[in-house]
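In the numbering used here, the protein residues as written are 55 to 368.
Okay, so here's the structure we're looking at.
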């Protein structure tokens, strides 16, 4: 045991201090009554009544003195109860529509949202195609799987280009609301495509609380609510969400390639410093309209790119 904490009375601490006079340290930590250095252990007594024994000889040294060993209480984890829209335990076996989005954290490029339907009868086939959480797949694998997937499952793919995204955002629409609208519409599209099929559930890869999601959609004419479930990491719960994630990623990659061809350069993903540098480079060459047509303008990267450009010009 490398350390022991004991709870002692003031009288016991003062008595111990007397006994350890010859090995008292000149400096004491904040809130300490004294600190002493033994051959194989350091003893520090605090005004709170706690005495800390540290070092190889901590346990042996602590046993020489009175007081109770203080055992820290384990922190109780507050487990959030599942909401009423949590998917059933057997969700993975059901015929479901799933939805997911890509591009929300990337400065360059659009937001892409996809929904896909995977029936019970298609689960094994979709697995055989290699469908799983897209975070565990590289871009080459995603492209390969997506090309097979588009001929295998009913799906809907929505692409919100940067110009429209910036227009909506400047009107006061949050990214969360934009996502909710696109998810709802993609799910509606797939449901319409498979009319007559047995749908046992609809799973949205959760990006906000269900109540907030429905609030975002109060003005939508067609709100899909019946049989709707929400779960974080939905792609690990049902293959329909994993398929949607792959299709959304595939579309995003294609759109990024288009941007690259348009500007005759490789457009970086993400929102890190490398993105600021590329944005500054493009603005210097093509002007500030780049922010409106190729980026999510409200991201902090815009100001960072302008600062880089200003430094370069000064």
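The beta-carbon is built from N, C-alpha and C at its ideal position, and this holds for glycine as well.
Computed from a predicted model, the values in this text were never measured in an experiment.
Residue i: first and last residue of the uninterrupted beta strand (DSSP E) it sits in
i           : result
residue 177 : Careful: residue 177 lies outside any beta strand (DSSP E), inside the alpha helix (DSSP H) at 177-182.
residue 88  : 86-91
residue 283 : 282-285
residue 256 : 255-259
According to DSSP, residues forming a beta bridge with residue i
i           : result
residue 167 : 155, 212
residue 315 : Bridge partners of residue 315: none, in fact.
residue 104 : 61
residue 98  : 89, 106
residue 310 : Answer by DSSP bridge pairing: none, since residue 310 is not bridged.
residue 78  : 90
residue 150 : 172, 255
residue 123 : 60
Rounded distance between the beta-carbons of residue j and residue i, thought under 8 Å
i           : j           : result
residue 61  : residue 104 : 6 Å
residue 96  : residue 109 : 6 Å
residue 106 : residue 57  : 7 Å
residue 154 : residue 289 : 7 Å
residue 188 : residue 197 : With 8 Å as the limit, residue 188 and residue 197 do not qualify as a contact, their Cβ atoms being about 11 Å apart.
residue 276 : residue 325 : At roughly 33 Å, the Cβ-Cβ gap does not stay under 8 Å, so residue 276 and residue 325 are not in contact.
N- and C-terminal bounds of the alpha helix (DSSP H) containing residue i
i           : result
residue 265 : 264-270
residue 201 : 193-203
residue 232 : 229-247
residue 367 : 355-367
residue 327 : 327-340
residue 344 : 343-348
residue 113 : 112-116
Beta-carbon spacing of residue i, residue j below 7 Å
i           : j           : result
residue 164 : residue 309 : yes
residue 161 : residue 350 : yes
residue 241 : residue 169 : yes
residue 257 : residue 142 : no
residue 167 : residue 237 : yes
residue 267 : residue 234 : yes
residue 89  : residue 98  : yes
residue 255 : residue 281 : yes
residue 302 : residue 156 : yes
residue 66  : residue 121 : yes
residue 264 : residue 137 : yes
residue 344 : residue 337 : yes
residue 313 : residue 348 : yes
residue 293 : residue 172 : yes
residue 149 : residue 252 : yes
residue 119 : residue 70  : yes
residue 211 : residue 364 : no
Cβ-heavy atom distance, residue i to the ligand GDP, below 6 Å
i           : result
residue 238 : Inclusion of the ligand GDP in the displayed structure is not the case, the ligand content being empty and no account of it being possible.
C-beta neighbour in chain C for residue i, strict 7 Å
i          : result
residue 99 : Note that chain C does not occur in the displayed structure, where there is just one protein chain.
Validate contact between the segment 213-233 and the segment 243-259 using beta carbons, cut 8 Å, 3 pairs: Cβ pair count under 8 Å is below three, so no.
Stretch-stretch touch, CB-based, cutoff 8 Å, three pairs: the segment 287-305 with the segment 178-185: Touching, yes.
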